[in-house]
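A.B. asks: The following block contains the structure, expressed as structure tokens.
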Amino acid sequence: MSDTRKAIRYFIKYLKPYKKGIAIVIILSLLSSGAQVIAPTFLGCAVTDLTKYLSDLKKGTASLNTFYSALWSMLLFYVLSQVAIFIAWMVMSKFNADSTNDMRENLFAKFQRMLVRYFDTHQDGKLLSLFTSDLDNIFNAMNNAIFEIISQGIMFIGTIVIMFMVNQQLAWTTIATTPLILIVSVLIMKKARIYLDKQQDEIGDLNGYITEQINGEKIIITNGLRKESVENFKTYNNRVRNAMFKGQFYSGILFPLMNGLNLLNLAIVIAMGAWMIISGQVSQAIGLGLIVTFVEYSQTYFQPLTQITSIYSMIQLALTGARRLATVEEQKDEDAVPNGKKIHGLQKAVKLENVHFGYDENKEILHGINISVNKGQSVAVVGPTGSGKTTIMNLINRFYDVNSGKITFDGTDVRDIQLESLRNNVGIVLQDSVLFTGTIADNIRYGKPNASMDEVISAAKQADIHEFIESLPDGYETQVNDASSVFSTGQKQLISIARTILTNPDFLILDEATSNVDTVTEEKIQKAMDAVIAGRTSFVIAHRLKTILNSDKIVVLKDGNVIESGSHEELLKEKGFYYKLYTDQMAFD
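If you count by full-length UniProt numbering, then the sequence shown holds residues 1 to 589, one letter each, in order.
Next comes the structure, spelled out in structure tokens:
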């Protein structure tokens, strides 16, 4: 499917529910355009009647009644045209606002259904530009361009019909330059489309860079890279500027070009009308009326062409935005397995059986992994960076699916379990904790919105964060967001642990929860983690080995393979890879 067809189908999808409103707009546009097309005939009649009046004045039989009647009729039709346009505009503004609101809601809902892989492979800024730049372009076009296309299209067709009804010779003269207009317009529009599409892509890249730099501002400052950051920004910004200049240049040149062709056409029409009078094909009185009428029709005929070309860049940017949004909607959703099995807690074990996986199908990361976590058991996974520890966490919770092998929950492949049921039974504490806008209490009960305040406080106490929260002026009602300076990294992590405690999952994954904190905070987090793990089946991904010394089993990964397995004491006795990791770390602690 071509990009244009994809974009048009996207518009049809979201405008279809508002077909009644569109029908009203079309009817009112027909009425407005019809009145606007008919009005010039009365002007021609008025000129003809005025010419006759001047001739009859010498005979003493002159009357301006017909002249005044024609003028009043012309005024009435123009007023009718403007009233119809006003009402149509109001109706259209309403369904445009509603339809773009539907687009925005559906886009956000789509994001909540998409594979984690999509977010891992797209910059935040590029995703944000879909909600801002692309949807804004669509709204602007729908609020202006669609009405112009409907009304001007109807006027264009109506003008041609009326012109041929009034005088075929002048009608052919008026439309004679149309082939030239179409050829020039198509050539210019092709160029404009290339650069307008590129403009939106470059804006997405620029937004991605800005988001990345804002998130890493502290690192930029501490490394003295502000100038380099600005210079790189200029590079991205120049790409946007160049694409924008070329896109706007090619689309903008259409408007003055149309005006020039309009003036040329007007001169041709007047010349033809004058020749018809001189050659005696029509009388002077009728000829003058025809010239005035077709001068108006020449303007009316070119008006749709001029108006549509003047908003071409707006239309093309909207089509580009619609194409990009349609592409997002085409992305694969997570397999929620609606008819899959529901699980109610862990009864036996979670197992990884001969698991092979790679984020890139041509580059495998895990090579036949076998790990078993029995109910009530705490299993730690350790290994150097890049060995595949976090990847295992991604697979257990089905952020990604295995390439081969399987992961089972009490013997059932996780791919055969309802996704909501699986994730309700698996809790995760990530190494990078996230707080959401709202109160501290809201953040703790994020995974269990109906939790009582007593449950929230109990979870905070188990996570050893209650006293700190109580020390704040507003306590649990303190307003926070992810960037709040009120909380340290460790405190955010403890709130995240409290959130997990509240959801009370049967199977818990701790992904290097102490990797970003100091030694004192680490001990506090470790204490909270011990409270979470107690009596619960857990899978701990660890970087600091002293945090997993009491684990029932330690699995050692290297280059995507399990190379050792056993308790802390057993692995130390073997004096293998784990022994080296442990002794190296203890030497620096």
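Quick reminder that beta carbons are idealized off the backbone N, C-alpha and C, glycines included. All of these numbers come straight from a predicted model, not from anything done at the bench.
Could you have a look at THR177 and say whether DSSP puts it in helix, strand or coil?
C.D. replies: coil
A.B. asks: The beta strand (DSSP E) spanning ASN450 covers which residue range?
C.D. replies: Run containing ASN450: none; DSSP gives neither H nor E here.
A.B. asks: Where GLU330 and THR121 are concerned, what is the direct C-alpha to C-alpha distance, given to the nearest angstrom?
C.D. replies: 16 Å
A.B. asks: How would you write the range of the alpha helix (DSSP H) that PHE468 sits in, first residue to last?
C.D. replies: 466 to 471
A.B. asks: Taking a contact to mean a Cβ-Cβ separation below 8 Å, would you say ALA528 touches ILE548 in this structure?
C.D. replies: no
A.B. asks: Have a look at GLN462, ARG117, LEU135 and ILE85 and flag the residue whose alpha-carbon is nearest the alpha-carbon of ASP102.
C.D. replies: LEU135
A.B. asks: Ignoring anything shorter than 4 residues, give me the alpha helix (DSSP H) runs that lie fully in the segment 344 to 411, in order along the chain.
C.D. replies: Listed in chain order, the complete alpha helix (DSSP H) runs (minimum 4 residues) inside the segment 344 to 411 are 389 to 396.
A.B. asks: If you draw a straight line from the alpha carbon of residue 598 to that of LYS573, how long is it in whole angstroms?
C.D. replies: No answer is possible for residue 598: the residues shown for the chain start at 1 and end at 589.
A.B. asks: Looking at ALA7: is its Cβ nearer than 8 Å to the Cβ of ARG323?
C.D. replies: Going by C-beta atoms, ALA7 is nearer than 8 Å to ARG323.
A.B. asks: Out of curiosity, what's the CA-to-CA distance linking ILE407 and LEU352?
C.D. replies: 5 Å
A.B. asks: How many Å lie between PHE233 and GLY208 at the Cα?
C.D. replies: 11 Å
A.B. asks: Answer yes or no: do LEU305 and ILE162 have a C-beta to C-beta separation smaller than 8 Å?
C.D. replies: Cβ atoms of LEU305 and ILE162: not closer than 8 Å.
A.B. asks: Determine the direct distance from the alpha carbon of GLN112 to that of LEU317, and round the result to whole angstroms.
C.D. replies: 26 Å
A.B. asks: Just the C-alpha distance for GLU228 and ILE221, rounded to the nearest angstrom, thanks.
C.D. replies: 11 Å
A.B. asks: Where does PHE507 fall in DSSP's three states?
C.D. replies: strand
A.B. asks: From ALA531 to ILE428, what does the alpha carbon distance come to, in whole angstroms?
C.D. replies: 15 Å
A.B. asks: Drop a sphere of 10 angstroms on the beta-carbon of SER538, count the other beta-carbons inside from all chains shown, and report buried for 16 or more, exposed for fewer.
C.D. replies: buried
A.B. asks: What span of residues does the alpha helix (DSSP H) with GLY427 cover, start to end?
C.D. replies: First-last for GLY427: 426 to 429, but that is the beta strand (DSSP E), not the alpha helix (DSSP H).
A.B. asks: Please work out which residues of its chain come closer than 7 Å, Cβ to Cβ, to residue 648, disregarding the five sequence neighbours upstream and downstream, and give them in chain order.
C.D. replies: Outside the shown range of the chain, which is 1 to 589, sits residue 648, and nothing can be said about it.
A.B. asks: Touching or not, the segment 296 to 315 and the segment 248 to 255, by the rule of three or more beta carbon pairs under 8 Å?
C.D. replies: yes
A.B. asks: Could you give the DSSP three-state label for GLU564: helix, strand or coil?
C.D. replies: Strand, per DSSP.
A.B. asks: What residue from SER458, ILE365, GLN199 and GLY345 has the CA that sits closest to ASP410's CA?
C.D. replies: Checking every option, the nearest Cα to that of ASP410 belongs to GLY345.
A.B. asks: Could you tell me the distance, in whole angstroms, from the CA atom of GLY567 to the CA atom of LYS492?
C.D. replies: Reading off the sequence shown, one finds Ser at residue 567, where the question assumed Gly. Straight-line Cα distance between these residues: approximately 31 Å.
A.B. asks: Kindly indicate the opening and closing residues of the beta strand (DSSP E) around ILE12.
C.D. replies: Premise fails: ILE12 lies in the alpha helix (DSSP H), 3 to 15, not in any beta strand (DSSP E).
A.B. asks: The beta strand (DSSP E) that contains VAL555, what's its start and end?
C.D. replies: 553 to 558
A.B. asks: Using C-beta distances below 6 Å, list every residue in its chain close to TYR301, excluding the 5 sequence neighbours before and after it, in chain order.
C.D. replies: Hits under 6 Å: THR159 and THR174.
A.B. asks: Return the CA-CA distance between TYR118 and LEU557, expressed in angstroms with no decimal places.
C.D. replies: 27 Å
A.B. asks: Only counting runs of 4 or more residues, tell me where the alpha helix (DSSP H) segments fall wholly within the segment 214 to 297, in order along the chain.
C.D. replies: 217 to 222, 226 to 252 and 254 to 278
A.B. asks: Quick check: the segment 30 to 42 against the segment 80 to 94, are there 3 or more CB pairs under 8 Å?
C.D. replies: Look at the beta carbons and you see the segment 30 to 42 touching the segment 80 to 94: at least three pairs across the two are nearer than 8 Å.
A.B. asks: What's the gap between the Cα of LYS13 and the Cα of ILE525?
C.D. replies: So the alpha carbons of these two residues sit roughly 50 Å apart.
A.B. asks: So, with DSSP's three-state summary, where would you put ASP333?
C.D. replies: strand
A.B. asks: So which of TRP172, SER151, THR178 and ILE203 has the shortest CA-CA distance to ASN137?
C.D. replies: Of the listed residues, the one whose Cα sits closest to ASN137 is ILE203.
A.B. asks: If you reduce the DSSP assignment to three classes, tell me which class residue 619 lands in.
C.D. replies: With the chain covering 1 to 589 only, the question about residue 619 has no answer from this structure.
A.B. asks: For PHE539, report the span of its beta strand (DSSP E) as first-last.
C.D. replies: Membership of PHE539 in the beta strand (DSSP E) is indicated by the continuous run 537 to 541.
A.B. asks: Keeping to the same chain, check which residues put their C-beta closer than 8 Å to that of residue 591; ignore five residues upstream and five downstream.
C.D. replies: The chain is shown from 1 up to 589; residue 591 falls before or after that span and cannot be answered.
A.B. asks: How close, in whole Å, do the beta carbons of LEU502 and GLY447 come, if the pair is a contact with beta carbons under 8 Å?
C.D. replies: 7 Å
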